[in-house]
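The sequence shown begins at 472 in my numbering and counts up by one.
All C-beta atoms, glycine included, are put in the ideal place defined by N, C-alpha and C.
Since we're looking at a predicted model, the values are computed, not measured.
Please read the structure below before turning to the comments.
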Amino acid sequence: MSLITAISLSKSFGAEDIFRGVTFSVPKGARLAIVGPNGCGKTTLLRILIGDEEASTGTVTHARSARIGYLSQEADFQMDGTLWEACLSPFASLIQQQDELHRLESQLAHADAETMSRYGKLQHDFERRGGYTYVTRIKQVLTGLGFDASDYDMRLDHLSGGQRTRAFLSRLLLSDPDLLLLDEPTNHLDIRAVEWLESYLAQWDGAAVIVSHDRYFLDRAANVILEMRPDGAEVYRGNYTHYLQQREERWNRREEIFNSEKEKLLKEVEYIKKNISGQN
Numbered sequence: 472m473s474l475i476t477a478i479s480l481s482k483s484f485g486a487e488d489i490f491r492g493v494t495f496s497v498p499k500g501a502r503l504a505i506v507g508p509n510g511c512g513k514t515t516l517l518r519i520l521i522g523d524e525e526a527s528t529g530t531v532t533h534a535r536s537a538r539i540g541y542l543s544q545e546a547d548f549q550m551d552g553t554l555w556e557a558c559l560s561p562f563a564s565l566i567q568q569q570d571e572l573h574r575l576e577s578q579l580a581h582a583d584a585e586t587m588s589r590y591g592k593l594q595h596d597f598e599r600r601g602g603y604t605y606v607t608r609i610k611q612v613l614t615g616l617g618f619d620a621s622d623y624d625m626r627l628d629h630l631s632g633g634q635r636t637r638a639f640l641s642r643l644l645l646s647d648p649d650l651l652l653l654d655e656p657t658n659h660l661d662i663r664a665v666e667w668l669e670s671y672l673a674q675w676d677g678a679a680v681i682v683s684h685d686r687y688f689l690d691r692a693a694n695v696i697l698e699m700r701p702d703g704a705e706v707y708r709g710n711y712t713h714y715l716q717q718r719e720e721r722w723n724r725r726e727e728i729f730n731s732e733k734e735k736l737l738k739e740v741e742y743i744k745k746n747i748s749g750q751n
């Protein structure tokens with residue numbers, strides 16, 4: 472099942488085409504990297520996919536109930552509080568369940584059968600949803616993206632631009648969307664954090680659409696490449712290295728076909744010339 476499908480997308484500013492004829496889909500498990508020269512509209516395409524910008528032509532369809540998370544190049548929080556509080560926010564319903572469990576636990580000594588049954592069901596659902604591991608998950612993600620325990624209580628408005636982007640990415644990963652749209656996610660990461668993110672995406676069962684100039688990151692994080700060109704886009708299966716190999720093979724085949732057709736056309740022209748000459 473495709474989580475997002477783009478059909479014949481184009482974007483123009485005035486008389487200038489940024490891109491046109493872009494068609495692709497992103498199924499679950501795909502990690503699609505958008506590549507192309509600067510100015511070909513990669514970030515614009517992401518903004519169209521998330522609905523922050525309108526395409527000039529074409530359509531974008533999201534799977535029903537699909538949860539989509541977007542990291543822009545200049546990610547920012549629309550919330551106050553600390554880094555830890557921001558990372559707790561995706562687990563608000565779990566925390567509410569946890570509070571209810573604690574309330575029921577205080578009544579267990581004198582609880583009736585109905586209360587005991589409710590407690591048991593609530594505890595089972597809490598465990599199924601990761602209620603006993605979410606704090607560990609937060610710490611793992613924050614550590615992976617370069618934060619340590621001394622940063623947890625830092626206020627978001629005191630973080631640097633790079634720290635705020637990493638904080639936003641942390642919360643985005645913890646929210647566990649069905650589809651991630653990531654615009655230059657490695658910009659503010661050191662080598663260890665980049666390697667951690669590569670590993671995280673490789674093990675993650677969701678889908679991702681990634682724009683990045685880091686070819687080594689794309690080699691490890693992507694399994695599909697969408698190459699954007701002024702006249703459309705082409706899809707290549709595999710990582711960035713495989714894309715380069717396939718692109719060269721594809722263009723070599725096209726050159727062979729072109730040369731073959733050219734030779735055939737020249738022969739036809741020559742034949743026509745001879746026949747016309749003979750008739751005259």
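DSSP-derived helix/strand/coil call for residue i
{"i": "G522", "result": "coil"}
{"i": "T553", "result": "strand"}
{"i": "H533", "result": "strand"}
{"i": "S631", "result": "coil"}
{"i": "L542", "result": "strand"}
{"i": "D654", "result": "strand"}
{"i": "D622", "result": "helix"}
{"i": "L697", "result": "strand"}
{"i": "D649", "result": "coil"}
{"i": "R663", "result": "helix"}
{"i": "S527", "result": "coil"}
{"i": "K482", "result": "strand"}
{"i": "P561", "result": "helix"}
{"i": "G492", "result": "strand"}
{"i": "A582", "result": "coil"}
{"i": "R502", "result": "strand"}
{"i": "Y590", "result": "helix"}
{"i": "G703", "result": "strand"}
{"i": "R708", "result": "strand"}
{"i": "S473", "result": "strand"}
Close Cβ partners of residue i (< 8 angstroms) along its chain, the five nearest in sequence each way excluded
{"i": "P701", "result": "D488, F490, R491, C511"}
{"i": "D551", "result": "R626, L627, D628"}
{"i": "Q569", "result": "F597, G602"}
{"i": "H659", "result": "G632, G633, Q634, T636, R637"}
{"i": "L593", "result": "Q568, E571, L572, L575"}
{"i": "P498", "result": "M472, S473, L474, A678"}
{"i": "T553", "result": "Y623, D624, M625, R626, L627"}
Residues near residue i in its chain [Cβ-Cβ closer than 6 angstroms; skip 5 each side]
{"i": "S641", "result": "C558, V612, L613, L616"}
{"i": "A772", "result": "The structure shown does not extend to residue 772, since the chain spans only 472 to 751, so no value can be given for it."}
{"i": "P648", "result": "R538, I539, G540"}
{"i": "Y714", "result": "I696, Y707"}
Whole-Å CB distance - residue i paired with residue j, under 8 angstroms assumed
{"i": "H533", "j": "I609", "result": "About 28 angstroms separates the two Cβ atoms, so there is no contact after all."}
{"i": "A477", "j": "L520", "result": "7 angstroms"}
{"i": "L480", "j": "G529", "result": "4 angstroms"}
Contacts around residue i, its chain only, beta-carbon distance under 7 angstroms, and the 5 residues preceding and following it disregarded
{"i": "E705", "result": "E698"}
{"i": "W555", "result": "Y623, D624"}
{"i": "Q674", "result": "none"}
{"i": "R708", "result": "V695"}
{"i": "S646", "result": "G540, P561"}
Exposure of residue i, with buried meaning 16 or more beta-carbon neighbours within 10 Å
{"i": "E669", "result": "buried"}
{"i": "R502", "result": "buried"}
{"i": "F562", "result": "buried"}
{"i": "A486", "result": "exposed"}
{"i": "V606", "result": "exposed"}
{"i": "A580", "result": "exposed"}
{"i": "T586", "result": "exposed"}
{"i": "K735", "result": "exposed"}
{"i": "T712", "result": "exposed"}
{"i": "T604", "result": "exposed"}
Residue i CB to nearest heavy atom of the ligand ATP below 7 angstroms
{"i": "V680", "result": "Only the bare structure without any ligand can be found here, which leaves the ligand ATP out of the picture."}
For this session: Say whether the segment 650-659 touches the segment 675-684, bearing in mind that this needs 3 or more beta-carbon pairs closer than 8 angstroms, one atom from each stretch.
Result: yes
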